[in-house]
Amino acid sequence: MTDDQDLHMESVEHMPFLKAAHNHNVTSVAPPHGGYPKVVTQGINDDNLFLWMQEAGYNTDYSGKLWNFHTVDNYDQPYANGFNGSDFLLDPFTYQYWNGKISHNNEEPVSIANQYSTDVIAQRAVSWLHEALEADRPFFLTVSPIAPHSNWIIDEEKDLSYLEEPKPAPRHQHLFKDYEIPRSPSFNKAIDGAPNIDPTIKNLQWGDFIRGLLEAQDRQSQYPFLTDGDVNITEVSGYN
Numbered sequence: 001m002t003d004d005q006d007l008h009m010e011s012v013e014h015m016p017f018l019k020a021a022h023n024h025n026v027t028s029v030a031p032p033h034g035g036y037p038k039v040v041t042q043g044i045n046d047d048n049l050f051l052w053m054q055e056a057g058y059n060t061d062y063s064g065k066l067w068n069f070h071t072v073d074n075y076d077q078p079y080a081n082g083f084n085g086s087d088f089l090l091d092p093f094t095y096q097y098w099n100g101k102i103s104h105n106n107e108e109p110v111s112i113a114n115q116y117s118t119d120v121i122a123q124r125a126v127s128w129l130h131e132a133l134e135a136d137r138p139f140f141l142t143v144s145p146i147a148p149h150s151n152w153i154i155d156e157e158k159d160l161s162y163l164e165e166p167k168p169a170p171r172h173q174h175l176f177k178d179y180e181i182p183r184s185p186s187f188n189k190a191i192d193g194a195p196n197i198d199p200t201i202k203n204l205q206w207g208d209f210i211r212g213l214l215e216a217q218d219r220q221s222q223y224p225f226l227t228d229g230d231v232n233i234t235e236v237s238g239y240n
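For the sequence shown, full-length UniProt numbering assigns the number 240 to the last residue and increments by one with no breaks.
The following block contains the structure:
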């Protein structure tokens, strides 16, 4: 499953298994036609994959972002169904790499400010994995970090909200400082002698954005082998 595939970087061309859309009548990422409130009114909170897995005998745990507009104000209206254990990132702080808020097992949200969101989600996932391996039931663990989504800036004083390039962990900064976006023959090409349909349109400047995306994603690429210190948990547990 995937979403948010971009046009500019031709993401879909690199995803040969992306076949078709799924329609569940949640037609937007925001209310009234989408987001967590729509998930609730549409009945999806009471009939979803996590509940089906529980009915099949699995323990289900979750670490990361669950729904759009799953917020610090509505996370308990009602609580998200289908989880034995959970750590949910909550809006409007979900997409802030260094200023997140998280609800542990439906408890009151707490700030994880000054902690790198992707690392926190990994640490919580490792904790759930330890518990799952000690239980006598199969488990279904979902890890959903925000990387490499854009960083969301909310400036309450100026009443501004906007997206900027993804934020990598300090240890991953500059890993791709020399990376250059693949260029087609028409990349930023001026059309000599032809009128510009919109004279305010500027040439694309995607370099910093795509480098930030790659650096932020570098931490996420480590998830297939979750580690606790120097111990590869999935490997020693037979799940690699």
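Using N, Cα and C, we set each Cβ at its ideal position, and we do this for glycine too.
| Item | Value |
| --- | --- |
| Taking only the alpha-carbon atoms, compute the straight-line gap between residue 46 and residue 40 and give it to the nearest angstrom. | 8 Å |
| Give me the Cα-Cα distance between residue 115 and residue 38, rounded to the nearest whole angstrom. | 31 Å |
| Could you pull the start and end residues of the beta strand (DSSP E) that residue 134 belongs to? | Element bounds for residue 134: not the beta strand (DSSP E) but the alpha helix (DSSP H), 117-134. |
| So for residue 52, helix, strand or coil by DSSP? | helix |
| Could you check where the beta strand (DSSP E) with residue 60 kicks off and where it finishes? | 59-65 |
| According to DSSP, simplified to helix, strand and coil, what is residue 210? | helix |
| Is any beta-carbon of chain C found at less than 7 Å from that of residue 158? | Given the protein chain composition of this structure (a single chain), no chain C is represented. |
| Can you give me the C-alpha to C-alpha distance between residue 17 and residue 142, rounded to a whole angstrom? | 21 Å |
| Return the CA-CA distance between residue 169 and residue 156, expressed in angstroms with no decimal places. | 25 Å |
| Assuming residue 53 and residue 140 make a contact with CB atoms under 8 Å, what is their CB distance in whole Å? | 5 Å |
| From the DSSP output, read off the bridge partner residues of residue 200. | DSSP, once it has assigned bridges, lists no residue as partnering residue 200. |
| For the alpha helix (DSSP H) containing residue 85, list its first residue and its last residue. | Unbroken run through residue 85 is the beta strand (DSSP E), 85-89; no alpha helix (DSSP H). |
| Residues in the same chain with beta-carbon distance under 7 Å from residue 224, minus the five sequence neighbours each way, listed in chain order, please. | Interpretation of residue 224 is limited by its pLDDT of 48, a score under 50 that renders its predicted location unreliable; no figure is taken from the coordinates. |
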